[in-house]
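Undergrad:
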DNA sequence: ACGTAAGCGAGACGGTACGTCGCGTCTTACC
DNA sequence: GGTAAGACGCGACGTACCGTCTCGCTTACGT
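Chains as they are written, first to last, in the numbering used here: chain A, 1276 to 1478; chain B, 1276 to 1478; chain C, 1276 to 1478; chain D, 1276 to 1478.
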């Protein structure tokens, strides 16, 4: 198998596109786990053996789809560290908006992957990626920060999951607000905290 | 099959216990997806057909394990709403401590279910349960609260996922702090917000 | 198991009778092979474990039914050898009539056992019994007989199967003639031969 | 499954041959009923699942074996009716010889199928085929024949079973005579009748 | 433009696991 | 002691997918 080596052979590109489309359309119908390679081949109107010429298994196919999507996201985000000692707010706000816009662009896919019948591995991966990105940015700002009020790793895990949770709600609610507004809400949750965001008095 | 109807037949109770233990021990070794019914039967030293006399499939077994665990958790938590108009802090703090203690009591199981190779469905279920519990408590306090700064449903999804994220970190880090301390940190994250908890200036 | 030891316990006799009736009624519906012990127990309205207290398996049950039936047949037939050197005709005719009458008495059972979905082992056993009975009678008359025109064992196998064939036809055709007439026809087939019985010229 | 459609795929033909050989060899050891599909697969050195790609179950396999064998027999026999009004003797004699030769060619198979542990369904099918063949030939000659001495259908059932009985004896006795001689004896039994063939006086 | 190497369809095959069924044994409790 | 109820070990069933493997066809590419 020559997995992701890009080819300009039309037949190959056609086959891969058909398979990725088939994956999304089938995940919408029955979730990732319930899909079989035979299903994918039928939907893509290719032979089952041909599938194996391009992907190791269905998880491999999913992963390559995500590779593409994540690469695109990473490319669109602003570079990590701003000037030291300055609040990272505006940058974070921008990046959150970009995140929501990216997710909106691939809404069907993300909706499926994050939802009930999504792929558990995907969520774990996305969570790890978010935590890592957060860690990188936090490390860069560290010298200029006050003492943390909770273990930073815990906070990073907290944020990463929380962002995914907010995204999940946003997708499952049918994107009730535009990406910029949703990003602003999320930023509020991160900065003032969810408790106060609910209207609770905080001491 | 009469799934979870409690029986006083000793053989039945023995068989079910053996199977639940086998599930946990096998999940620790290779994760949920990689387990087969034959594996479970072998580990539990029962016949494979006997497995099907008690559970529909391995997902059913997992679910019933979780039913028991969740029921115990729910029983240990304090009842939802305190007196209106008073800060719910102390209660929330207590409940978070109880939550961490409960998770610590079943640490191996929760560690597996929340981790990389855990069962996606479990996380979704836990998240929904947390969000629902949060919603119930929030509804009760609603009249006494200020205007929310973000859509409350979004906030609830945010919190539910965030709590799981914090728990996940705590378990994967090997429970570096005792439950009460971890609960206090989590409470901080929820109240002052993760951003400030990292030491960031918030303007 | 205490197989065929006759009991005067009413419950036991009732159970056995119910099982034998169930066997016949189920064989009529789906043939012997397709019956399960569970079927027998349900139809007889007894517990499955009780079946095993009386019979080893369904073949055992069938065999014991046949034992009874064959014992009754054997008792009704005339004793083997007549006076030497005299044609055995009249005796044979009588015995064939008794045979048809016996079969008519148990028509449903014989019909099933000899038919398409019958029990192969039963046919083999009946054939062997007929051949043995024929052999006994032939041995007794042997000194008084002319030289055989074909190997006697072949002839005995021929007759045994042929009689079963005639009985099978008679039962499947719905007993179109009374037992005495059918016996006379069968005697004709045995004595003048089936070829001439069809009206064929024999040289 | 496309059961017996002839294929030119070598692998397919090899698999089917292996299975048919395995069937015969296993039937010789324990009879048809006691064989499992796993046994067949092991003996044929194929995977069990592959069995099901070719045959519905073991009965299907047996049936297709018989199809082949019967088709060959039918092809070798002379066409039904000669000139009307002439004794059918010579033709019948020829066909009986061909029958014995055919059976001799597949002696192991026929021996098993007709014997104690054979397949009841096979005997029923063979009996019906013989009766049908006899009926066809008799219908063709009917106008030229004298009145029958017994119901012709009874006679045909009688002959069909009788021929199988003679064949069974011949095979179980280890083919003590050559096919031509055995056929001559069988012809005698059919024409002069088994009674006289035993040396009995017939009036 | 066209020959040729590749991608591809078709499908047999060895495997592994599935969920079901029926067997015969057994334990427990009832009568 | 016969019976009902039913758990259990066992083993076979027929099915579903897996990933691998020919075997020809056809199709897009490279010279």
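C-beta: ideal position from N, C-alpha, C; glycine also.
Computed from a predicted model, the values in this text were never measured in an experiment.
Residues of the region 1406 to 1437 of chain D in Cβ contact with chain C at a cutoff of 7 Å, in chain order, please.
TA: Of all residues in the region 1406 to 1437 of chain D, 1413, 1420, 1421, 1422, 1423, 1424, 1425, 1426, 1427, 1428, 1429, 1430, 1432, 1433, 1434, 1435, 1436 and 1437 have a Cβ within less than 7 Å of some Cβ in chain C.
Undergrad: Taking only beta-carbon positions, decide if residue 1385 of chain C is within less than 8 Å of chain D.
TA: Translated into the one-based positions of the third chain, residue 1385 of chain C becomes position 110. Judged by the 8 Å Cβ criterion, residue 1385 of chain C is not in contact with chain D.
Undergrad: Any idea if residue 1277 of chain D is buried or exposed, counting beta-carbon neighbours within 10 angstroms, 16 or more meaning buried?
TA: Locating residue 1277 of chain D in the fourth chain gives position 2, counting from the first residue. Because the pLDDT of residue 1277 of chain D is 38, which lies under 50, any placement of that residue in the model is unreliable, and the question is left without a value.
Undergrad: Below 8 Å, can you find three or more Cβ-Cβ pairs linking the region 1452 to 1461 of chain A to the region 1391 to 1404 of chain A?
TA: Output reads no: the region 1391 to 1404 of chain A does not touch the region 1452 to 1461 of chain A.
Undergrad: Excluding the five sequence neighbours on either side, which residues of its own chain have a C-beta within less than 7 Å of the C-beta of residue 1463 of chain C, listed in chain order?
TA: For the purposes of this step, residue 1463 of chain C is identified with residue 188 of the third chain, where counting begins at 1. Cβ neighbours of residue 1463 of chain C beyond the five flanking positions: 1472.
Undergrad: For residue 1391 of chain C, which residues in chain D fall below 7 Å Cβ to Cβ?
TA: Here the question's residue 1391 of chain C lines up with position 116 in the third chain. The answer, in chain order, is 1399.
Undergrad: Less than 8 Å between the C-beta atoms of residue 1329 of chain A and residue 1286 of chain A, yes or no?
TA: Stepping through the first chain from its first residue, residue 1329 of chain A is reached at position 54. Stepping through the first chain from its first residue, residue 1286 of chain A is reached at position 11. It is not a contact, given that the beta carbons lie outside the stated cut-off.
Undergrad: If we cut at 8 Å on Cβ distances, does residue 1464 of chain A have a partner in chain B?
TA: Counting from 1 along the first chain, the entry for residue 1464 of chain A is found at position 189. So yes, residue 1464 of chain A belongs to the interface.
Undergrad: Indicate whether at least one CB of chain B lies closer than 8 Å to the CB of residue 1439 of chain A.
TA: Within the first chain, residue 1439 of chain A is the residue found at index 164, counting from 1. Chain B contact via Cβ: present.
Undergrad: List, in chain order, every chain B residue whose beta-carbon is nearer than 7 Å to that of residue 1470 of chain A.
TA: Reading the first chain from its first residue, position 195 is the one you call residue 1470 of chain A. Result: 1465 and 1466.
Undergrad: So residue 1324 of chain C is in the alpha helix (DSSP H); what residue range does that whole segment cover?
TA: Mapped onto the third chain, residue 1324 of chain C falls at position 49. Where residue 1324 of chain C is concerned, the enclosing alpha helix (DSSP H) stretches over 1323 to 1329.
Undergrad: I'd like to know if residue 1377 of chain A contacts chain B, where contact means its C-beta is closer than 8 Å to some C-beta of that chain.
TA: Numbered from 1 along the first chain, position 102 holds the residue referred to as residue 1377 of chain A. False, the Cβ-Cβ gap to chain B never drops below 8 Å.
Undergrad: Looking at chain A, is there any beta carbon in it that lies within less than 8 Å of the beta carbon of residue 1443 of chain B?
TA: As a working note, residue 1443 of chain B is residue 168 in the second chain. It does; some Cβ of chain A falls within 8 Å.
Undergrad: Do residue 1403 of chain D and residue 1345 of chain D have their beta-carbon atoms positioned less than 8 Å apart in this structure?
TA: As a first step, residue 1345 of chain D is located in the fourth chain; it is residue number 70 there, counting from the start. As a first step, residue 1403 of chain D is located in the fourth chain; it is residue number 128 there, counting from the start. No, the pair does not count as a contact, with Cβ atoms beyond the cut-off.
Undergrad: Does any CB atom of chain A fall closer than 8 Å to the CB of residue 1460 of chain B?
TA: The residue you call residue 1460 of chain B lines up with position 185 of the second chain. For residue 1460 of chain B, the answer is yes, since a Cβ of chain A falls inside 8 Å of its Cβ.
Undergrad: Quick one: is residue 1305 of chain B buried, meaning 16 or more other Cβ sit within 10 Å of its Cβ, or exposed?
TA: Residue numbering aside, residue 1305 of chain B sits at position 30 when the second chain is read from its first letter. Exposed, because fewer than 16 other Cβ atoms sit within 10 Å of the Cβ of residue 1305 of chain B.
Undergrad: So, is the C-beta of residue 1292 of chain D closer than 8 Å to a C-beta in chain C?
TA: Position 17 of the fourth chain, counted from the start, is the residue given in the question as residue 1292 of chain D. Not closer than 8 Å to any Cβ of chain C, the Cβ of residue 1292 of chain D fails to qualify, so no.
Undergrad: Judging by CA-CA distance, which residue of A:1425, A:1432, A:1438 and A:1427 is the nearest neighbour of residue 1431 of chain B?
TA: Within the second chain, numbered from 1, the residue matching residue 1431 of chain B stands at position 156. Closest option to residue 1431 of chain B, Cα to Cα, is A:1438.
Undergrad: Considering only the beta carbon of each residue, do residue 1282 of chain B and residue 1468 of chain A sit closer than 8 Å?
TA: Along the second chain, one-based indexing puts residue 1282 of chain B at 7. Along the first chain, one-based indexing puts residue 1468 of chain A at 193. Taking 8 Å as the Cβ cut-off, residue 1282 of chain B and residue 1468 of chain A do not qualify as a contacting pair.
Undergrad: Check whether the region 1409 to 1420 of chain C touches the region 1315 to 1330 of chain C, counting contact only when three or more Cβ pairs, one atom from each stretch, lie closer than 8 Å.
TA: Output reads no: the region 1315 to 1330 of chain C does not touch the region 1409 to 1420 of chain C.
Undergrad: What's the C-alpha gap between residue 1475 of chain A and residue 1369 of chain A?
TA: Stepping through the first chain from its first residue, residue 1475 of chain A is reached at position 200. Stepping through the first chain from its first residue, residue 1369 of chain A is reached at position 94. Near 27 Å, if we compare the C-alpha coordinates of residue 1369 of chain A and residue 1475 of chain A.
Undergrad: Using the three-state DSSP reduction, which class does residue 1378 of chain C fall into: helix, strand or coil?
TA: Translated into the one-based positions of the third chain, residue 1378 of chain C becomes position 103. In this structure, residue 1378 of chain C counts as helix in the three-state DSSP scheme.
Undergrad: With DSSP collapsed to three states, give me the class of residue 1307 of chain C.
TA: Numbered from 1 along the third chain, position 32 holds the residue referred to as residue 1307 of chain C. Reduced to three states, the DSSP call for residue 1307 of chain C is coil.
Undergrad: Taking 8 Å as the threshold (beta carbon to beta carbon), is residue 1350 of chain A in contact with chain B?
TA: Working through the first chain from its first residue, we reach residue 1350 of chain A at position 75. No, because no Cβ of chain B sits closer than 8 Å to the Cβ of residue 1350 of chain A.
Undergrad: Note down the Cα distance separating residue 1366 of chain B from residue 1459 of chain B, rounded to an integer number of angstroms.
TA: Along the second chain, one-based indexing puts residue 1366 of chain B at 91. Along the second chain, one-based indexing puts residue 1459 of chain B at 184. Those two C-alpha atoms are separated by around 12 Å.
Undergrad: The ligand ATP and residue 1442 of chain B: does the residue's C-beta get closer than 7 Å to at least one heavy atom of that ligand?
TA: No copy of the ligand ATP occurs in the structure displayed, which carries no ligand at all.
Undergrad: Any C-beta of chain A sitting closer than 8 Å to the C-beta of residue 1277 of chain B?
TA: As a first step, residue 1277 of chain B must be located in the second chain, where it is residue number 2. Caution applies to residue 1277 of chain B, whose pLDDT of 37 falls short of 50 and renders its modelled position unreliable; the model cannot decide the point.
Undergrad: Flag residue 1320 of chain A as yes if its beta-carbon sits less than 8 Å from any beta-carbon of chain B, otherwise no.
TA: Here the question's residue 1320 of chain A lines up with position 45 in the first chain. No, because no Cβ of chain B sits closer than 8 Å to the Cβ of residue 1320 of chain A.
Undergrad: If you draw a straight line from the alpha carbon of residue 1417 of chain C to that of residue 1335 of chain D, how long is it in whole angstroms?
TA: In the third chain, the residue the question calls residue 1417 of chain C occupies position 142. In the fourth chain, the residue the question calls residue 1335 of chain D occupies position 60. Their Cα atoms are separated by approximately 47 Å.
Undergrad: For a contact defined as C-beta to C-beta under 7 Å, what are the partners of residue 1336 of chain C on chain D?
TA: Counted from its first residue, the third chain places residue 1336 of chain C at position 61. Those within 7 Å of residue 1336 of chain C in chain D number zero; the least Cβ separation is about 17 Å.
Undergrad: Which residues in chain C sit within 8 Å of residue 1394 of chain D, going by Cβ to Cβ distance?
TA: Position 119 of the fourth chain, counted from the first residue, corresponds to residue 1394 of chain D. Going along chain C in sequence order, the residues near residue 1394 of chain D (Cβ under 8 Å) are 1395.
Undergrad: If you count every other CB in all the chains shown that lies within 10 Å of the CB of residue 1311 of chain C, and 16 or more means buried, which is it?
TA: Your numbering for residue 1311 of chain C matches position 36 in the third chain. That one is exposed.
Undergrad: Report the neighbours of residue 1473 of chain C on chain D: residues whose CB is nearer than 7 Å to its CB, in chain order.
TA: Residue 1473 of chain C sits at position 198 when you count from the first residue of the third chain. Chain D residues near residue 1473 of chain C: 1413, 1420, 1423, 1427 and 1430.
Undergrad: Can you check whether the CB of residue 1446 of chain D is closer than 8 Å to the CB of residue 1380 of chain D?
TA: The residue labelled residue 1380 of chain D in the question sits at position 105 within the fourth chain. The residue labelled residue 1446 of chain D in the question sits at position 171 within the fourth chain. Their beta carbons are not under 8 Å apart, which means residue 1380 of chain D does not touch residue 1446 of chain D by this criterion.
Undergrad: Rounding to the nearest angstrom, what Cα-Cα distance links residue 1301 of chain C and residue 1307 of chain C in this structure?
TA: Taking the third chain and counting its residues from 1, one reaches residue 1301 of chain C at position 26. Taking the third chain and counting its residues from 1, one reaches residue 1307 of chain C at position 32. Spanning the two alpha carbons is a distance of roughly 8 Å.
Undergrad: In the DSSP assignment, find the unbroken alpha helix (DSSP H) run with residue 1313 of chain A in it and report its ends.
TA: The sequence position of residue 1313 of chain A within the first chain is 38, counting from 1. Unbroken alpha helix (DSSP H) run through residue 1313 of chain A: 1312 to 1319.
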